[in-house]
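My numbering puts the first residue of the sequence shown at -18, with every later residue one more than the last.
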Amino acid sequence: MYFRRLQVLVALLAAAFLVLFGRLMYLQIIRGDYYSGRSEEHRISEKPVDAFRGSIYDRDGELLAVDQHSFDISVPYRYLVPQTETARRKPVAQWAEWAPKLAAITKTSFADLSATRAEIVVRVSRRSDLAWARYKGRGLRRKDFKTQEEFQAHPLLHDVPFEQVALLEARHREFPNVLIECRPIRLYPNGALAANVIGYMSLVTDSELERSKDDPQAITSKRYLRRDTVGRAGIEREHEDQLRGARGKQMQEISTAARRIEKLIVEIPPEPGLNVHLTLSKRIQAAAEVALGDAVGAAVVMDPNNGDILALATSPRFNPNTFREDYEALSADSRSPLLNRPVRGTLPPGSVFKLVVALAALTEGRIDPHTAFDCSGHITMGSHTFRCSAKYGHGTVALEEAIEHSCNVYFYETGRRLGGATLSEWARKFGFGECTNLGLGREEVRGRVPTPRSVPEVLNVSIGQGALTVTTVQVAQMVSAIANGGRLVQPRLVSHFTNEDGQIVRESPKPRESRLPVSSSAIESVRRGMVKVPLSGTAKEAGLEPFLVAGKTGTAETGREDENHAWFAGYAPHNAPRYAFVFVLERVKGHGGEVAAPLARRMFELIQPSENRVPRNAVASAAQTTRPQGD
């Protein structure tokens, strides 16, 4: 009985095997040519779907950076690699047959197209050889070993105009191996405006590709592919992870003859990146840049009450839309247009630092508002002579007049009373020597706060010279503290993040702030002196009266005759401050009141309509209201 059942089971298995064998014979031998043809005509393609990068907006919702659709022309690698004699016998379109026509339609030289092809082949072949070196000896033959890149399409041309794409589609039978791929491309609608803040993009490098591939924490859909771009500076770099979306994927059955999708098998939609909303005002940024013009310098405008950066301007600038084409010229420019001067350029602050010296001396009890010194145009310390800006001196001056006329002798004497260690301590209390951490990461530098040891060093630092160096944004933070009544508020550039539906998904942390150990009476004394600067002091020719500006000029020597760094820092309106600002010009003739203060006037003319300006006859009365906000 047992053997009979076994015989039946064997017979059934044999019958099933014969049926299967017969079916295989039918498919492979009898219908082999048909299905082989079908496999040539219909292929399964796995296609990555690029995610749109998040946009960057200003505080009013004005667009600063956005992705838009662009067209690439790609070709599968097997149509790019030089064909063997065996491959030439197959009905595969040869490079020489279609590439010249493609070059003509896209208005590209055939030589450039061939050079791009050669670069792709060399790169893919090199990577294939490296991969084979790791796998050989595992029973594979070299000719059977292929990397993923050898099965993929590679872009020959980027950002092809729509008219050329339409022409290629109309003549698609002439280009059976050419694929038209739509991908996002970064656009900066305002050109060079705020380029130092926004940053720029460039293609991912080989080393970045390897790091992304080997990162165990990286999400597969966010790993970089060779064609991807990455943020290289500014907000684009600092918030790369938030701006970058997650790539989607499509599995398609494609008709190779008609070059159309027959069936969409699987689709995983991409996830767009988050949008970044800045505190920057496009209107104020543009005004600051117009004011700077072609000069080499920087400008910062900040809300002294909450730390919002309203403008962060540098000059000269670059256009991120044409960065790749312009890079060689930008790099060779001696004026350093790629330097983000407000946060990375360090200079001696000149006389704007006298504001810190005055507040330190008042708080430490070394002077009071009525303390006066006699200025004869210079003081002598041993063999050293230290001169004032007024050749024949200012006569006897107290604090307000010393700020108004920027009397060096007054601050030499005040600095000597404070001493080097105390000067250094107070510079740090106002944020000098430390990054403000406004939101640009490693682009920001600290500057340098020395501890003067000798009397000459103390005197130099007392007027913002010597080894003391600062950034423009640090000066803006210092002036803001005077404008708001003694709160050192951290500047910030990023307000919040939104998703594709415009919903806020994350707020930026509230800026840090600390109360400076200064009295309201000390701040009031300094502010009264600053109000006089544009009215009757070192900036009286700048035409700032209608804007109720309180300010301080500065002129830092460079070591070359008739070449200075010119500063003007202040806030407006002085009776209810809304703007703290700083302008600095590098290596110019003239002092801060002559060349930097007029830039502030030009900016305020652009951002403040004429009907809202204070009439000149009302300026004097408005100047009486200078009390700081808060204690």
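Where is the CB? At the ideal position from N, CA and C, for every residue including glycine. Every value quoted in this text rests on a predicted model; they were computed, and no experiment measured them.
- The C-alpha of residue 251 is placed about 28 angstroms away from the C-alpha of residue 304.
- Three or more beta-carbon pairs separated by less than 8 angstroms are not found between the stretch 320 to 335 and the stretch 218 to 227, which leaves the two stretches without contact.
- Scanning the stretch 73 to 116 for uninterrupted alpha helix (DSSP H) segments of 4 residues or longer gives 76 to 86 and 91 to 116, listed from N- to C-terminal end.
- Inclusion of residue 122 and residue 61 in the CB contact set at 8 angstroms is not warranted, their separation being larger than that value.
- Under the Cβ criterion (8 angstroms, minimum of three pairs), the stretch 534 to 549 counts as touching the stretch 566 to 581.
- In terms of Cβ geometry, residue 467 and residue 508 do not form a close pair [threshold 8 angstroms].
- Residue environment for residue 369: buried (at least 16 other C-beta atoms within 10 angstroms of its C-beta).
- Setting aside the 5 residues that flank it on each side, residue 411 is surrounded in the same chain by 337, 459, 462 and 469, each with a C-beta closer than 7 angstroms to its C-beta; the list follows chain order.
- Restricting attention to 187, 83, 157 and 36, the CA atom closest to the CA of residue 105 is found in 187.
- In the three-state scheme derived from DSSP, where H, G and I count as helix and E and B as strand, residue 445 is classed as coil.
- DSSP places residue 567 in the uninterrupted beta strand (DSSP E) bounded by 560 to 569.
- Boundaries of the alpha helix (DSSP H) around residue 586: 578 to 588.
- Listed as beta-bridge partners of residue 49 by DSSP are 166.
- The beta carbon of residue 392 is closer than 6 angstroms to those of 335, 338, 443 and 444 in its chain, skipping five residues each way along the sequence.
- DSSP places residue 327 in the coil class of the three-state scheme, outside both helix and strand.
- Between residue 300 and residue 176, the C-beta spacing is below 8 angstroms.
- Here residue 528 carries a helix assignment [DSSP, helix/strand/coil].
- Shown here for residue 398: same chain residues with a beta carbon closer than 8 angstroms to its own, the five before and five after excluded, namely 342, 347 and 348 in chain order.
- Residue 290 carries a strand assignment under DSSP once its states are collapsed to helix, strand and coil.
- Two segments are said to touch when three or more pairs of C-beta atoms, one from each, lie closer than 8 angstroms; by this definition the stretch 268 to 281 touches the stretch 549 to 568.
- Where residue 171 is concerned, there is no enclosing alpha helix (DSSP H), because DSSP gives it neither an H nor an E.
- The beta-bridge partner set that DSSP reports for residue 182 consists of 212.
- Under the 8 angstroms Cβ criterion, the stretch 369 to 387 does not count as touching the stretch 168 to 183, having fewer than three qualifying pairs.
- The beta carbon of residue 101 sits closer than 7 angstroms to the beta carbons of 61 and 135 from its chain, once the five residues preceding and following it are set aside; these are given in chain order.
- Residue pairing of residue 552 in beta bridges, as defined by DSSP: 531 and 561.
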